[in-house]
Amino acid sequence: HEQNTSMVDAFEKILSKLQETPENPEQLAKLQEYVITCEAEMHELTVEISRAREKLDVLELFAYDVDSEDLALYWNAFKQPKVLNQTRKDAVPRHEDESFKFKTKLENTKVEFQKDLLSIEADINRFFSYNDLEQAEEYAGQVMLLNQRLIEAKETAELI
């Protein structure tokens, strides 16, 4: 019973991971890697299924009445490799779609960033035309706003 429960839990853990939706490119990269590396985990579980089958065969040979819950768990585990293989295949195009979305979002961010840089550059150039000392306080406020925009632009540039 414990072995079958353990196998089912392990398969469900893999399945859950394969069905995750990444929130950022880093998570996507990890999920894409997991699609490849989980094959080893699946192979180990397939071997464990074979061992469980051997145990059931021995019990059957000695006419031992196996609990129906244990049999249900075994058959649930038995079908999981096929389910997981299909889920792995389905994950590839889904991950490609997510990758496209992230690339599109990045491209849009870059375009907006370039617009912001042009706007900042225009604001900086306007400072060279200021010559009224009576408006120095207003100029100082504009400098503070421009400084904040530069800080935000730097943070955005680091993300891109």
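Residue numbers (the numbering used here): 1495 to 1654.
Quick reminder that beta carbons are idealized off the backbone N, C-alpha and C, glycines included.
The structure presented is a predicted model; accordingly, all values stated were derived computationally and were not measured.
message = Comparing C-alpha positions only, which one of Leu-1567, Arg-1547, Ser-1593 and Asn-1570 sits nearest to Leu-1525?
response = Ser-1593
key: Touch test, the stretch 1570-1579 against the stretch 1515-1523, Cβ-Cβ under 8 Å, three pairs minimum   = no
key: Unbroken stretches of the beta strand (DSSP E), 3 residues or longer, contained in the stretch 1589-1621   = none
ask   = Can you tell which of Leu-1539, Arg-1545 and Asn-1641 has its C-alpha closest to the C-alpha of Ser-1613?
value = Asn-1641
request  = With a threshold of 16 other CB atoms inside 10 Å of the CB of Met-1501, please say whether the residue is buried or exposed.
outcome  = buried
ask   = Any idea what DSSP makes of Glu-1646, helix, strand or coil?
value = helix
query = Considering only the beta carbon of each residue, do Thr-1650 and Phe-1607 sit closer than 7 Å?
reply = yes
query = Do you know whose CA, among Ala-1585, Leu-1567, Asp-1564 and Arg-1545, lies nearest Ile-1530's CA?
reply = Ala-1585
message = Taking the alpha carbon of Arg-1643 as the reference point, which residue from Leu-1611, Gln-1580, Ser-1510 and Leu-1522 has its own alpha carbon closest?
response = Leu-1611
task = For Ile-1645, count neighbouring Cβ atoms within 10 angstroms of its own Cβ and tell me buried if that reaches 16, exposed if not.
result = exposed
message = Measuring straight from C-alpha to C-alpha, what distance separates Leu-1600 and His-1589?
response = 16 Å
ask   = Do Lys-1609 and Ile-1654 come within 7 Å of each other at the CB atom, strictly closer than that value?
value = no
Residue of Leu-1565, Glu-1535 and Met-1536 minimising C-alpha distance to Glu-1548 = Leu-1565
Exposed unless 16 or more other CB atoms sit within 10 angstroms - verdict on Ala-1546 = buried
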